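Chains as they are written, first to last, in this note's numbering: chain A, 1 to 110; chain B, 1 to 116. Glycine is no exception: its CB is placed at the ideal position from the N, C-alpha and C atoms. For clarity, every value in this text was computed on a predicted model and none was experimentally measured. Notes to accompany the following structure.
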Amino acid sequence: GQNIDQPTEMTATEGAIVQINCTYQTSGFNGLFWYQQHAGEAPTFLSYNVLDGLEEKGRFSSFLSRSKGYSYLLLKELQMKDSASYLCAVSEGGGFKTIFGAGTRLFVKA
Amino acid sequence: GAGVSQSPRYKVAKRGQDVALRCDPISGHVSLFWYQQALGQGPEFLTYFQNEAQLDKSGLPSDRFFAERPEGSVSTLKIQRTQQEDSAVYLCASSPRLDRSNYGYTFGSGTRLTVV
């Protein structure tokens, strides 16, 4: 089965950089996703990693190490609107479904 | 449509009542997923459709839960004899790809079900 661990909450300051870590154990791996979810809203897709390394997309970057079962989401130049939950999710080997972690609630303070 | 549409947005049901939740995916999207999200938790997988075929229903919590997608577009999640533990947000997501999704799903806004 799948097991995905990420910190429950983090706090950071506006303009700073924050790294949200995620570790996973899976019987099959077909990629790792990060989603952003504001309170009361649907998750929105941020990034996808299937090969080791760093993927950069504007202020957001995501890193994957398959051998370590580890990923992180890096948010630069934090803005107040980045306050949200960040969900780490793994697509299992068959690729038919994605399993989500419990999410990390990020609070950005002025 | 432009996005994934779910209805109703909110539903209050008395314990024991049957409910039906509707999902209208993005036109042409082959894959459709249902997730259940409890407060403060991540979405939990319920079931998956590829066109009209239900390929995985391993996440359905009990035989009171039933999902269908008869024409490969709109899907309905039905919960019979609702119980308080069914209270959650039910999210629908769709994807254009058949299997290996190298990009994310598009989620609907969800249906918040409260069983009283």
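Query raised in the report: Per DSSP, what kind of secondary structure is GLU52 of chain B in: helix, strand or coil?
Result: It is coil, neither helix nor strand.
**Report entry** Boundaries (first-last residue) of the beta strand (DSSP E) holding ARG112 of chain B
**Finding:** Where ARG112 of chain B is concerned, the enclosing beta strand (DSSP E) stretches over 111-115.
Query raised in the report: Contact between the stretch 85-104 of chain A and the stretch 34-43 of chain B: three or more CB pairs below 8 angstroms?
Result: Touching, yes, given that three or more Cβ pairs across the two stretches are closer than 8 angstroms.
**Report entry** Coil, strand or helix - GLN83 of chain B by DSSP
**Finding:** In the structure shown, GLN83 of chain B adopts coil according to DSSP, grouped into three states.
Query raised in the report: From GLY69 of chain A to GLY16 of chain B, what distance separates their C-alpha atoms?
Result: Approximately 43 angstroms, taken between the alpha carbons.
Query raised in the report: Does any C-beta atom of chain B lie closer than 8 angstroms to the C-beta of PRO43 of chain A?
Result: Judged by the 8 angstroms Cβ criterion, PRO43 of chain A is in contact with chain B.
Query raised in the report: What does GLY28 of chain A reach in chain B if we use C-beta pairs closer than 9 angstroms?
Result: By Cβ distance, chain B contributes nothing, its closest Cβ being about 12 angstroms from GLY28 of chain A, past 9 angstroms.
Query raised in the report: At which residue ranges does the stretch 45-71 of chain A contain complete beta strand (DSSP E) runs of 3 or more residues, listed in the order of the chain?
Result: 53-57, 60-65, all fully within the stretch 45-71 of chain A.
Report task. Name the one or two DSSP bridge partners that ASP24 of chain B has. Result -> Answer is B:SER5, bridged to ASP24 of chain B.
Query raised in the report: What residues in its chain sit with their C-beta under 6 angstroms from that of LEU74 of chain A, if we drop five residues either side in the sequence?
Result: Contacts found: GLN19, SER61.
Query raised in the report: Per DSSP, ARG105 of chain A is paired with what?
Result: Answer is A:GLU9, A:SER85, bridged to ARG105 of chain A.
Query - ILE79 of chain B burial status per 10 Å Cβ neighbour count (16 or more: buried) - result: By the neighbour-count rule (16 or more Cβ atoms within 10 Å), ILE79 of chain B is buried.
Report task. Label ASN3 of chain A either buried or exposed according to how many other C-beta atoms from any shown protein chain fall within 10 Å of its C-beta, with 16 as the threshold for buried. Result -> Counting Cβ neighbours within 10 Å, ASN3 of chain A comes out exposed, since fewer than 16 surround it.
Query raised in the report: Between GLN54 of chain B and the rest of its own chain, which residues show a CB-CB distance below 8 angstroms, the 5 nearest in sequence each way excluded?
Result: Result list for GLN54 of chain B: THR47, TYR48, ALA67, GLU68, ARG69, in chain order.
Query raised in the report: If we ignore side chains and look at the alpha-carbon of each, how far apart do ASP52 of chain A and TYR72 of chain A end up?
Result: Their backbone Cα atoms lie some 12 angstroms apart in a straight line.
Query raised in the report: For GLY28 of chain B versus PRO96 of chain B, is the C-beta distance shorter than 8 angstroms?
Result: Contact: yes.
Query raised in the report: Since VAL89 of chain B contacts ARG112 of chain B with CB under 8 angstroms, what's their CB separation in whole angstroms?
Result: That belief holds up - the Cβ atoms of VAL89 of chain B and ARG112 of chain B are roughly 5 angstroms apart, short of 8 angstroms.
Report task. Anything in the stretch 38-67 of chain B with a Cβ closer than 7 angstroms to a Cβ of chain A? List those residues in chain order, please. Result -> Within the stretch 38-67 of chain B, the qualifying residues are GLN41, GLY42, PRO43, PHE45, TYR48, LEU55, ASP56.
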